[in-house]
Amino acid sequence: MATIPLEIDNTQDDPRHRAPLVTGDHDLGTLTETVSRVAEAPRAPLAWYVAFTISAGLTIMLGGLIGYLIMTGVGVWGVNNPVAWGFAIINFVFWVGIGHAGTLISAILFLFRQHWRTGINRFAEAMTIFAVICAGMFPGIHVGRAWLAYWMFPLPNQMAMWPQFRSPLLWDVFAVGTYFTVSLLFWYVGLIPDLATFRDRAKTRVKQIVYGIFALGWNGSMRHWHRYERAYLILAALATPLVLSVHSVVSFDFAVAQLPGWHTTIFPPYFVAGAIFSGFGMVVTLAVPARELFGLKHIITMRHLDNMNKIILATGSIVGYAYSIEFFIAWYGAIPEERFAFISRAFGPYAWAYWIMFSCNAFVPQLFWFRKIRTSIPAMFIISLLVNVGMWFERYVIVVTSLSSDFLPSSWGPYVPTWVDAAMLVGSFGLFFTFFLLFCRYLPMVAMAEVKAVMPHTLKRSAHGDGHAGGAA
Amino acid sequence: MNEPFLFPKWVDGLKPVVGAGLVCGVLYVVVVVTFGFAPTATDVGYMPTQPVPYSHALHAGELGIDCMYCHNTVDRTAHAWIPPTQTCMNCHTAIHPKKSMDPSNPDSEDKLSPVLTSFETGRPIEWVRVHDLPDYAYFNHSAHVNRGVGCVSCHGRVDRMEEVYQAERLSMSWCLDCHRDPTPFLRPLDQITNMEWKPDGDFDPATFAKQHDIRPSTDCSTCHR
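First to last, the protein sequences are chains L and S. If you're matching positions, the first sequence starts at 5 in our numbering and goes up one per residue. If you're matching positions, the second sequence starts at 38 in our numbering and goes up one per residue.
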């Protein structure tokens, strides 16, 4: 096996030979060693402890604020009449959107045989699950009487009362619930062989037993692999429609309402594109420091980042197109309220938020047309952060502008968030990063078994065999 | 130590136990929540101790006093009021049960004394409310008793109760059962307080409902105003 130089530029597409997906002098053994070392090291890097302390602190703050909210009531937020949704729903849509990249990478790219997904799918899926947890929290506390949040589910009860089945808010409960369940199963099934690797390498009895229980007795037999791959394929097929359906249903929360600026048919595709856009933004935000910190540069290579940046560019352009076509339709539809809603968005009291959104989402990603920027770590890190800022403001603009000034000027009202709103948003990031850091420390961050299947010499061998290794990205 | 951990053989024996445990656990929770938290278990039968050992079975049952002799606002207001001590004294100025009671029982003498004390001092008797709807539920007695819903339908056989207890669930679905289909619970207007009345051939509830325009609404603001 020819060794691949450590600092090869694998972002070039040379038709004469396939660009390697794992660089450096890796064979199957060193790959396992590199990934397992992260979890097996007696101490995590100092940066991990610093980050974990901050995130855990923010999570505790979030818990305290939720307690304060429940004891006092939703008046501690800036929500009012007419803007009854506020930060809670903005954050909900934001976090659900973040969650979309994981399933796209794990399911859709899997079905399309995009081999580069293997380097990033594990932690992107983890990110999805943690983002959906953050998202699911917000409607639960937004209902006001959080102890009755179970009323969102259609449970038989002595009141003979059911949720409104015609309401997209109920569809949302099912959409997000299904998404979370399938994502969690998908993630877990993928983890099993790697958990078994951890189990076999574990030095202490406790670790052996804990990883052993979660590895479900995996022994790597042909029969196990056969069933595993069947299950993985079925779950990928189940998860694929969910990537498109979940954010479509979330967009129905708005589009089914009659409000100017909400009631448009473009919302489902535009929301899905935006969700994938923000999700990949978050994956890049997490991947850049993680590969640095845990020495995974040869597994999450520049080619992976380059590919993700291309997706950000594509989905960002779709989002920018959607912003523009909304304006066109508002003018072309000739409904005065609709026209007003959009003029007010761009030039009204919330114009600052609108232009943050527009520049971060539609303009900034256009920089990714340049290869130099696509492959520059600092540039992509900053752009990915701006993408997340822009996508949060997109939800802010949609929720706040349409609610604060609808049909009747007499019922208009401004929205001003309180410190509790802001602190809860920060706290939800704390919760997200707490989960994510724990995941990095205790679980295999990279899908070792899957990466091994796309390493250069594995591909070469299977290409000789049955010509199976068709389209490595 | 360095042996990889695999499940020991006896774990296989646990599989049916775990499966059965999961199924039974879920069933157990469903059954406990369905029956244990139901108003039939938590509310029906509520019988607080009253300050006066007043017997509805004696007054309304044996003596046959009409419900509306004491609860006389029931056909005019939302609230079927609890009679003041003066209503008791209409009869009890002349009737002193302690004189007719068994003198060997020391408690018997005191049965009426809280009423007499209340009458002398003017301080009302603090009856304990039995049928207590939540504050967010609006209920109007007059709307029901003037439209053919009898006392017994909601309060049970008070004429047989020594001490009054809650006979029905008073839950939202219980209200809705009747609001969605009131005809089985209708009776002639002159039989409202009759605890013994049974549907007979002479009375057609469907016609009655039509005549009196009984179409109870079931939207939220009917009861939650």
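Think of the CB as a built atom: it goes at the ideal place given N, C-alpha and C, for glycine as much as any other residue.
Residue range of the alpha helix (DSSP H) that includes residue i
{"i": "ILE360(L)", "result": "355 to 362"}
{"i": "SER187(L)", "result": "172 to 205"}
{"i": "THR77(S)", "result": "76 to 79"}
{"i": "GLY71(L)", "result": "50 to 76"}
{"i": "TRP99(L)", "result": "90 to 102"}
{"i": "GLU37(L)", "result": "32 to 44"}
{"i": "GLN162(L)", "result": "Careful: GLN162(L) lies outside any alpha helix (DSSP H) and carries neither H nor E."}
{"i": "ARG121(L)", "result": "121 to 146"}
{"i": "LEU390(L)", "result": "381 to 408"}
{"i": "GLU342(L)", "result": "340 to 351"}
{"i": "TYR446(L)", "result": "423 to 446"}
{"i": "GLY79(L)", "result": "Counting along the chain, GLY79(L) falls outside any alpha helix (DSSP H), and DSSP gives it neither H nor E."}
{"i": "ALA457(L)", "result": "452 to 457"}
Identity of the residue in the options nearest residue i by Cα
{"i": "LEU242(L)", "options": "SER348(L), VAL80(L), SER187(L)", "result": "SER187(L)"}
{"i": "PHE98(L)", "options": "LEU113(L), VAL254(L), ALA235(L)", "result": "VAL254(L)"}
{"i": "GLY148(L)", "options": "VAL250(L), ARG121(L), VAL455(L), GLY79(L)", "result": "GLY79(L)"}
{"i": "PHE240(S)", "options": "ARG166(S), TRP47(S), GLY185(S)", "result": "GLY185(S)"}
{"i": "ALA60(L)", "options": "SER432(L), PRO460(L), PHE351(L)", "result": "SER432(L)"}
{"i": "THR34(L)", "options": "TRP359(L), LEU442(L), ARG307(L), HIS302(L)", "result": "HIS302(L)"}
{"i": "LYS13(S)", "options": "GLY140(L), PHE56(L), GLY221(L)", "result": "Residue 13(S) cannot be examined here, being either before or after the span of chain S that is shown, 38 to 262."}
{"i": "ARG378(L)", "options": "HIS308(L), ALA426(L), LEU113(L)", "result": "HIS308(L)"}
{"i": "PRO121(S)", "options": "CYS107(S), VAL111(S), HIS129(S), ARG113(S)", "result": "CYS107(S)"}
{"i": "TYR487(L)", "options": "ALA88(L), VAL54(L), ALA427(L), VAL26(L)", "result": "Any question about residue 487(L) goes unanswered here, given that chain L covers just 5 to 477."}
{"i": "ASN125(L)", "options": "MET312(L), LYS207(L), VAL136(L)", "result": "MET312(L)"}
{"i": "ALA279(L)", "options": "LEU290(L), VAL247(L), ILE270(L), ALA150(L)", "result": "VAL247(L)"}
{"i": "ALA43(L)", "options": "LYS207(L), SER171(L), PRO24(L), TRP423(L)", "result": "LYS207(L)"}
{"i": "SER254(S)", "options": "THR244(S), ARG217(S), LYS235(S), TRP234(S)", "result": "ARG217(S)"}
{"i": "TYR175(S)", "options": "HIS261(S), LEU226(S), ALA97(S)", "result": "HIS261(S)"}
{"i": "VAL167(S)", "options": "VAL60(S), PRO85(S), ASP250(S)", "result": "PRO85(S)"}
{"i": "ARG41(L)", "options": "MET449(L), LYS456(L), VAL455(L)", "result": "MET449(L)"}
{"i": "PRO245(L)", "options": "LEU115(L), LEU442(L), PRO382(L)", "result": "LEU115(L)"}
{"i": "VAL81(S)", "options": "MET232(S), GLU157(S), GLU205(S), ASP237(S)", "result": "GLU205(S)"}
Buried versus exposed, by CB contacts within 10 Å (16 or more), residue i
{"i": "ASP470(L)", "result": "Model confidence at ASP470(L) stands at a pLDDT of 45, short of 50, so the residue's coordinates are unreliable and nothing is read from them."}
{"i": "ASP198(L)", "result": "buried"}
{"i": "ASP169(S)", "result": "exposed"}
{"i": "PHE91(L)", "result": "buried"}
{"i": "ASP176(L)", "result": "buried"}
{"i": "SER4(L)", "result": "Because chain L spans 5 through 477 in this model, residue 4(L) falls outside it and cannot be assessed."}
{"i": "ILE102(L)", "result": "buried"}
{"i": "ILE238(L)", "result": "exposed"}
{"i": "ASN127(S)", "result": "exposed"}
{"i": "LEU480(L)", "result": "Given that chain L is displayed from residue 5 to residue 477, the structure contains no residue 480(L) and the question cannot be resolved."}
{"i": "PRO264(L)", "result": "buried"}
{"i": "TYR215(L)", "result": "buried"}
{"i": "GLN123(S)", "result": "exposed"}
{"i": "ASN365(L)", "result": "buried"}
{"i": "GLY123(L)", "result": "buried"}
{"i": "ILE387(L)", "result": "buried"}
{"i": "GLU129(L)", "result": "buried"}
{"i": "THR114(S)", "result": "exposed"}
{"i": "PHE275(L)", "result": "buried"}
{"i": "MET141(L)", "result": "buried"}
{"i": "GLY58(S)", "result": "exposed"}
{"i": "SER328(L)", "result": "exposed"}
{"i": "LEU113(L)", "result": "buried"}
{"i": "HIS146(L)", "result": "buried"}
{"i": "ASN392(L)", "result": "buried"}
Chain-ordered chain L contacts of residue i [CB-CB under 9 Å]
{"i": "PHE44(S)", "result": "GLY216, ILE217, LEU220, GLY221"}
{"i": "SER210(S)", "result": "ASN161, GLN162, MET163, ALA164, MET165"}
{"i": "LEU149(S)", "result": "In chain order: nothing, as chain L lies at least about 40 Å away."}
Residues that residue i contacts on chain L, provided the C-beta gap is smaller than 7 Å
{"i": "PRO221(S)", "result": "Correct list: empty, because the minimum Cβ distance to chain L is about 17 Å."}
{"i": "PRO76(S)", "result": "GLN162"}
{"i": "LEU213(S)", "result": "ALA164"}
Alpha helix (DSSP H) runs contained entirely in the segment 248 to 318 of chain L, provided each spans 4 or more residues
271 to 297
Can you check the segment 150 to 194 of chain S for any alpha helix (DSSP H) of at least 4 residues that lies completely inside it and give the ranges in chain order?
150 to 158, 178 to 182, 188 to 192
Runs of alpha helix (DSSP H) lying entirely within the segment 197 to 243 of chain S, each at least 4 residues, in chain order:
209 to 217
Any beta strand (DSSP E) of 3 or more consecutive residues that is wholly inside the segment 54 to 113 of chain S
none
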